[in-house]
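**Q** Let me give you the structure first, and then I'll get to my questions.
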Amino acid sequence: MYSGQDPERVMELLRDRGLEASIEIGIVTGTGLATILKEVENALEVPYDDLPGFPQGFVSGHARRLVIGNVGRLRVALLQGRSHYYETGDAQAMRTPIEVLLRLGAHSVVLTSSVGSVKPNMRPGALTIVADHINLSGVNPLHNEQGDARFVPMTDAYDETLRHRLKRAAASQGVALHDSIYMFMPGPSFETPAEIRAATLLGADVVGMSIVPETIIARRYGLKVAALCAVTNLGAGLEGAAPSHNETKRMAATAAISLRRIFDTFIRTLDEP
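Rendered as structure tokens:
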């Protein structure tokens, strides 16, 4: 359960462990994607178990560490793993980690996740960048918050400049990056064939169990957001075997190779015009 006191307690702990400089950007990794950054130099690594308000559950494929350090000239914080709504029934489960990124000095956050494709021509292994999302689940991390700050406009939820820079980085590495509409599904069960058909009719390209609550929280605090997704399976009923978590992890590990190339270029050029 979210506590407004947890972010400051985390900051005190990080300072006690040698935190010295602010960061510029935060990155959240999804299932099987903890290796998307090359070596982080001068790194401060802290297990989530030591951080109040950070994810304490376990989903295989998530490393569950906060890593702060330098990648080239850029100071970054890497959240290796997330908490999903389906683990706790708490849509605010990632609120403390996102607030900590803000207190560390981040102006932007890039989210990554594994997704299922509802398009037969968007195959496992493809990479997508989220242009917009659909959330008809009734799940929102700002429920029960008081005051006008909870009425967050979502017109530009995914920052156009960040998206352009990520696309440019992908193109420079010869990696195809598809625009997509992401539909949030609360999980943990995979979607039914009927739900996949409904997602298609609503205009979705991919479905997933994360990103959207984090995007809403980040926008609540004024952070710019971009989201990259690795397609790890086709939606139920499209073809082949039913989706599985093992297949998700296997395909995510493959996609992480291309994502690493994108992020390496993206971070090296982030301070360029």
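The sequence shown runs contiguously to residue 1121 in my numbering. Cβ atoms here follow ideal geometry from the backbone N, Cα and C, with glycine treated the same way.
Quick one: Cα of residue 1056 to Cα of residue 955, how far?
**A** If you number the sequence shown from 1, residue 1056 lands on position 208. If you number the sequence shown from 1, residue 955 lands on position 107. The alpha-carbon atoms of residue 1056 and residue 955 are separated by roughly 25 Å.
**Q** Can a CB atom of chain C be found closer than 8 Å to the CB of residue 1049?
**A** Of the chains in the structure shown, none is chain C; there is only one protein chain.
**Q** Looking only at DSSP bridge pairs, what is residue 977 linked to?
**A** The sequence position of residue 977 within the sequence shown is 129, counting from 1. DSSP, once it has assigned bridges, lists 1027, 1076 as partnering residue 977.
**Q** Kindly indicate which three-state DSSP category residue 1032 falls into: helix, strand or coil?
**A** Stepping through the sequence shown from its first residue, residue 1032 is reached at position 184. Residue state, collapsed to three classes: strand.
**Q** So residue 1118 packs on residue 1072, CB below 8 Å; how close in whole Å?
**A** Here residue 1118 corresponds to residue number 270 of the sequence shown, with the count starting at 1. Here residue 1072 corresponds to residue number 224 of the sequence shown, with the count starting at 1. Residue 1118 to residue 1072, Cβ: 12 Å. No contact.
**Q** Which first and last residues belong to the alpha helix (DSSP H) in which residue 944 is found?
**A** Within the sequence shown, the letter at position 96 stands for residue 944. 943 to 951 is the span of the alpha helix (DSSP H), which, as asked, contains residue 944.
**Q** Quick one: Cα of residue 1075 to Cα of residue 864, how far?
**A** If you number the sequence shown from 1, residue 1075 lands on position 227. If you number the sequence shown from 1, residue 864 lands on position 16. Distance between the alpha carbons of residue 1075 and residue 864: 32 Å.
**Q** Determine the DSSP secondary structure at residue 1060, reduced to helix, strand or coil.
**A** On the sequence shown, position 212 is the one that residue 1060 refers to. The answer is helix: DSSP assigns residue 1060 an H, G or I state.
**Q** Expressed to the nearest angstrom, what Euclidean distance is found between the alpha-carbon atoms of residue 896 and residue 1028?
**A** Translated into the one-based positions of the sequence shown, residue 896 becomes position 48. Translated into the one-based positions of the sequence shown, residue 1028 becomes position 180. Using only the alpha carbons, I get a separation of about 31 Å.
**Q** Please report the Cβ distance between residue 926 and residue 888, rounded to the nearest whole angstrom; I am assuming they are in contact, meaning their Cβ atoms lie under 8 Å.
**A** Along the sequence shown, read from residue 1 onward, the residue named residue 926 stands at position 78. Along the sequence shown, read from residue 1 onward, the residue named residue 888 stands at position 40. At roughly 7 Å, the Cβ-Cβ gap stays under 8 Å, so residue 926 and residue 888 are in contact.
**Q** Taking three-plus beta-carbon pairs below 8 Å as touching, is the stretch 954 to 968 in contact with the stretch 869 to 877?
**A** yes
**Q** Would residue 855 pass as a contact of residue 947 if the rule is Cβ separation under 8 Å?
**A** Taking the sequence shown and counting its residues from 1, the one referred to as residue 855 is at position 7. Taking the sequence shown and counting its residues from 1, the one referred to as residue 947 is at position 99. A contact, by the Cβ cut-off of 8 Å.
**Q** Please name the residue in 1012, 1112, 891, 1026 whose C-alpha comes closest to that of residue 918.
**A** Taking the first residue of the sequence shown as position 1, residue 918 is located at position 70. Closest by alpha carbon: 891.
**Q** Are the CB atoms of residue 1013 and residue 1114 nearer to each other than 8 Å?
**A** Taking the first residue of the sequence shown as 1, we reach residue 1013 at position 165. Taking the first residue of the sequence shown as 1, we reach residue 1114 at position 266. A contact, by the Cβ cut-off of 8 Å.
**Q** Just to confirm, are residue 1133 and residue 1065 a CB contact at a threshold of 8 Å?
**A** There is simply no residue 1133 to check, as the chain begins at 849 and stops at 1121 in what is shown.
**Q** Could you give the residue range of the alpha helix (DSSP H) that holds residue 987?
**A** Locating residue 987 in the sequence shown gives position 139, counting from the first residue. Taken as a continuous stretch (DSSP letters only), residue 987 belongs to no alpha helix (DSSP H), as it is neither H nor E.
**Q** Under three-state DSSP, which class holds residue 1052?
**A** As a position in the sequence shown, residue 1052 is number 204, starting the count at 1. Residue 1052 falls in the coil class under three-state DSSP.
**Q** Quick check on the burial criterion: 16 or more other C-beta atoms within 10 angstroms. Buried or exposed for residue 968?
**A** Taking the first residue of the sequence shown as position 1, residue 968 is located at position 120. Label assigned to residue 968: exposed.
**Q** If distances are taken between C-alpha atoms only, which option among 1078, 1070, 988, 1083 comes closest to residue 1104?
**A** Counting from one through the sequence shown, the residue named residue 1104 turns up at place 256. Minimum Cα distance to residue 1104 is reached at 1078.
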